[in-house]
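Residue numbers (UniProt numbering): 1 to 488.
Here it is in structure tokens:
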């Protein structure tokens, strides 16, 4: 049997990161600070074994069996079929007589012997030992600790079981480093945000003789499950790239876009608040659904009721499309989601449901409520490259600050999209009006005109070019001179 035979972890997405799972009959280290999820991942690993009728053993050096069972119950899991053993180092035993002295060498040896005895008795195929910090405290000396760990490693390899060692990284500086002893290392990390849920991440530090996806991957522990969100590598996902036009069913809008938007590209709809950015995106989503295409709409700002009310006022049948499953709509709370989880949600709509149009409304809420903006922009660029490879039309909504004059793009993210559609307020004839123009379009030509834009009970309306006005984009235009009005 090959040494590189893989074993599943019980977390399918983690198996994707590991390119199929953990190498079988080897020793792997799960390390992370207290509270990062080591015990939960260890239990999930053994539950997977129990579901496959494999013998498994959880050896706890710090928690009681009752505490392990309570952890499992909090996730709705059963530990039936998993052998649980408490091995308490002599130094940690309560009510020990002070007159009895346990030399550290003897204490460590006794603890290791107890671990080996439990494994010899049960002959498990999978083992979790939690946590190695208890052994370090007993050892007191790095060399003594290393000798015993090497002896335990040899024993485990002879038993041909797949072992997870848990380490809470309590020794600083790291004199008792386990990474050099084991075959594989997975590091868990938890970062608190200024506001919102903590961000959990993991990365595979090493996996001898096996391929894995490097880098950090977000993960989440829910009431029922552990989910890992593999970081996206766009070039690994190549689909059908169709460069055909996507029309809006508004002839004037399609005209300024040179026939329409293009599949496999991204379009940014830019403008101040309330100018109609979401309504314009909804126009494309509604028309795509009427063509029988699948649409995924991710809203960071507005509720479903608000969207449906707006759609109804524009004579769009968004409610019917959502009920029929042609438009998938989800309200995203950016304070409770990680970048990796959001990208995973988008991928599931594309890969599992065949979404042809993806709307992200808005990019401001996604970026401004999360830390590490530079990293977020790199991840968004990778997501757009992935969607392009899948032939998906991506619509990104970005809100600018200001209303008439001094309107600014606070994110400065126009460079990541293929097409930029600009909406702008302007004042004319005693009324507040709206204008639309195309700033850039990489795939093909587009008009350079500025046209009037409006939202009516009949839907999105785009008028003729505003040839009689100059300075529309300043917000306060003036009547164009006769010569300038007819200039080519």
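Glycine included, every Cβ here is placed at the ideal spot set by N, Cα and C.
In the stretch 241-282, which residue ranges form an unbroken alpha helix (DSSP H) of at least 4 residues, counting only runs that do not cross its ends?
251-256
Coarse secondary structure for residue 101, derived from DSSP in three states:
Here residue 101 scores only 44 on pLDDT, less than 50, and its place in the model should not be relied on; the value that follows carries that caveat. Correct three-state label for residue 101: coil.
Short Cβ contact (8 Å threshold) for residue 435 with residue 466:
yes
Runs of alpha helix (DSSP H) lying entirely within the stretch 324-379, each at least 4 residues, in chain order:
339-353, 363-368
If residue 294 sits next to residue 326, beta carbons under 8 Å apart, how far is it from one beta carbon to the other, in whole angstroms?
6 Å
Excluding the 5 residues preceding and the 5 following residue 321 in the sequence, name in chain order all residues of the same chain whose CB lies nearer than 7 Å to its CB.
286, 289, 327
Throw me the rounded Cβ distance for the residue 11 and residue 228 pair, which I believe falls under 8 Å.
6 Å
Is the CB-CB distance between residue 462 and residue 250 below 8 Å?
yes
What residue range is occupied by the uninterrupted beta strand (DSSP E) comprising residue 5?
Looking at the DSSP string, residue 5 is not in any beta strand (DSSP E), and its letter there is neither H nor E.
Would you call residue 364 buried or exposed, if buried means 16 or more other Cβ atoms sit within 10 Å of its Cβ?
buried
Residue 526: which of 196, 351, 144, 231 sits nearest, CA to CA?
Residue 526 lies beyond the residue range present for the chain, which begins at 1 and ends at 488; the question has no answer from this structure.
Of all the options 220, 260, 163, which has the alpha carbon lying nearest to the alpha carbon of residue 28?
163
Considering residue 159, what are the terminal residues of the beta strand (DSSP E) in which it resides?
Premise fails: residue 159 lies in the alpha helix (DSSP H), 142-159, not in any beta strand (DSSP E).
What is the rounded straight-line gap between the Cα of residue 102 and the Cα of residue 39?
Here residue 102 scores only 48 on pLDDT, less than 50, and its place in the model should not be relied on; the value that follows carries that caveat. Whole-angstrom Cα-Cα distance: 29 Å.
Please give me, in chain order, every unbroken run of the beta strand (DSSP E) with length at least 3 that falls completely inside the stretch 395-471.
419-428, 431-441, 451-456, 459-465
Could you pull the DSSP bridge partners for residue 229 from this structure?
218
May I ask you to verify whether the stretch 257-266 touches the stretch 375-382, counting CB pairs closer than 8 Å and requiring at least 3?
no
For residue 470, which residues in the same chain have their Cβ closer than 7 Å to its Cβ, ignoring the five residues on either side in sequence?
477, 478, 480, 484
For the beta strand (DSSP E) that residue 47 lies in, which residues bound it at each end?
Unbroken run through residue 47 is the alpha helix (DSSP H), 38-51; no beta strand (DSSP E).
My guess is that residue 475 and residue 427 are in contact by the Cβ rule of under 8 Å, so how many angstroms apart are they, rounded?
7 Å
Contact check, residue 336 vs residue 304, beta carbons under 8 Å:
no
Examine the ligand ATP and report whether any of its heavy atoms sits within less than 7 Å of the Cβ of residue 123.
The ligand content of the structure shown is nil, which means the ligand ATP is not present either.
Buried versus exposed call for residue 207 [16 or more other C-beta atoms within 10 Å across all chains shown]:
buried
Is residue 127 helix, strand or coil when you go by DSSP?
strand
Could you check what DSSP says for residue 207 in three-state terms: helix, strand or coil?
strand
What separation, rounded to the nearest whole angstrom, lies between the Cα atoms of residue 126 and residue 51?
13 Å
Beta-carbon proximity check, residue 270 vs residue 455, cutoff 8 Å
no
Just to confirm, are residue 234 and residue 333 a CB contact at a threshold of 8 Å?
no
Since residue 151 and residue 122 are thought to touch, with beta carbons under 8 Å apart, how far apart are those beta carbons, to the nearest angstrom?
Contact flag wrong, Cβ pair sits at about 20 Å.
Counting only the same chain and skipping the five closest in sequence on each side, list residues whose C-beta sits under 7 Å from that of residue 301.
361, 362, 365
7 Å Cβ shell around residue 170 - same chain, five flanking residues per side excluded
133
Pop quiz: residue 187 and residue 165 are said to be a contact at Cβ under 8 Å. What is the actual Cβ separation, rounded to whole angstroms?
Not quite, the Cβ-Cβ distance comes to about 13 Å (not below 8 Å), so this is no contact.
Does the separation of the CB atoms of residue 489 and residue 460 fall below 8 Å?
It is not possible to answer for residue 489, since the shown part of the chain is limited to 1 through 488.
Residue from 168, 452, 213, 367 with nearest C-alpha to residue 425:
452
Is the separation between the beta-carbon of residue 44 and that of residue 210 shorter than 8 Å?
no
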